[in-house]
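Undergrad: Per this note's numbering: the sequence shown = residues 235 to 397. Each residue gets a CB set at the ideal place from its N, CA and C atoms; glycine is no exception. This structure is in C-alpha cells; I'll ask about it shortly.
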Amino acid sequence: MTDCALRIRLSIFLRRGWVTEAKTQITGVDPQKFISLVEPEAKREDAMALDALFRKVTGERPQMWGPSIIGYGVYNTTYASGRDVTWMRAGFSPRKAKHSLYLMGGYCDDIAASRRQELLAKLGKYKTGKSCLYINKLADVDMDVLEQLIAADWEAMERIYPR
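Set out below in C-alpha cells:
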C-alpha cells in the first residue's frame with residue numbers, strides 16, 4: 235500500500251473514531267511567547283535557561299507541543315499496537331510544582347541507561363518518572379551535568395532513531 239493510500243485510510247479511521255490521534259501535537263504557538271508568560275518570575279528565568287541549554291545541545295529550534303511542552307526535534311515510532319506516532323526527541327515543560335524534562339533516549343538501550351545512571355548520580359536534587367526528569371528549580375542541580383545528560387540523551391535518540 236502506498237503512503238498516500240495509508241494516509242487516506244488513516245483519515246477515514248480517525249473520522250470514524252476507530253483510532254485516535256495523539257493528544258499532544260505541535261501547535262504552532264511561539265515558545266518564546268509561552269515562556270514569557272510563565273509565572274512566577276524564578277520559574278520563567280529557569281525556563282529561559284532550559285530553552286537556551288536545549289537549543290545549545292540539540293541545535294534545534296523549539297516547538298510547542300500541546301499547551302505547555304517545549305520540544306526539540308521530532309522522531310517517528312510505531313507502538314506495539316501498530317499505532318504510528320510523531321513525538322519530540324527531547325523537551326521540557328515549566329510546570330507549577332517542578333520542571334518536567336522529557337528525555338526518552340536514556341530508556342532506549344543499555345548504553346544510554348548506563349550513562350544516564352552515571353550522570354544522575356552527580357546531578358543534584360531531582361526525581362524521575364517513566365521518561366521524565368523532574369527538577370524543582372535549576373539551582374538544585376549541577377548545570378554542567380544536566381547539559382551532559384541532555385547531550386547523552388540526544389545522542390541516544392540520534393542513534394536509535396536516525397534521521
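Please classify A386: does DSSP put it in a helix, a strand, or coil?
TA: Here A386 sits in helix by DSSP.
Undergrad: Below 8 Å, can you find three or more Cβ-Cβ pairs linking the segment 261-274 to the segment 287-302?
TA: As far as the Cβ criterion goes, the segment 261-274 touches the segment 287-302, which means the pair count is three or higher.
Undergrad: Once DSSP output is grouped into helix, strand and coil, what is the label at L271?
TA: The answer is coil: DSSP assigns L271 none of H, G, I, E or B.
Undergrad: Give the range of the beta strand (DSSP E) segment to which D318 is assigned.
TA: Its beta strand (DSSP E) spans residues 318-328.
Undergrad: With a threshold of 7 Å on Cβ separation, who are the neighbours of S334 within its own chain once the five nearest residues in sequence on each side are excluded?
TA: For S334, where only same-chain residues beyond five positions count, the Cβ hits under 7 Å are F326, S327, C366, Y368.
Undergrad: Return the chain-ordered list of same chain residues with a C-beta closer than 8 Å to the C-beta of E381, the five sequence neighbours on each side being excluded.
TA: Closer than 8 Å at Cβ, skipping near neighbours: L287, K290, V291.
Undergrad: Let me make sure I understand the geometry here. Which of D374, I384, N370 has the alpha-carbon closest to that of L353?
TA: When each option's Cα is compared against that of L353, the closest is I384.
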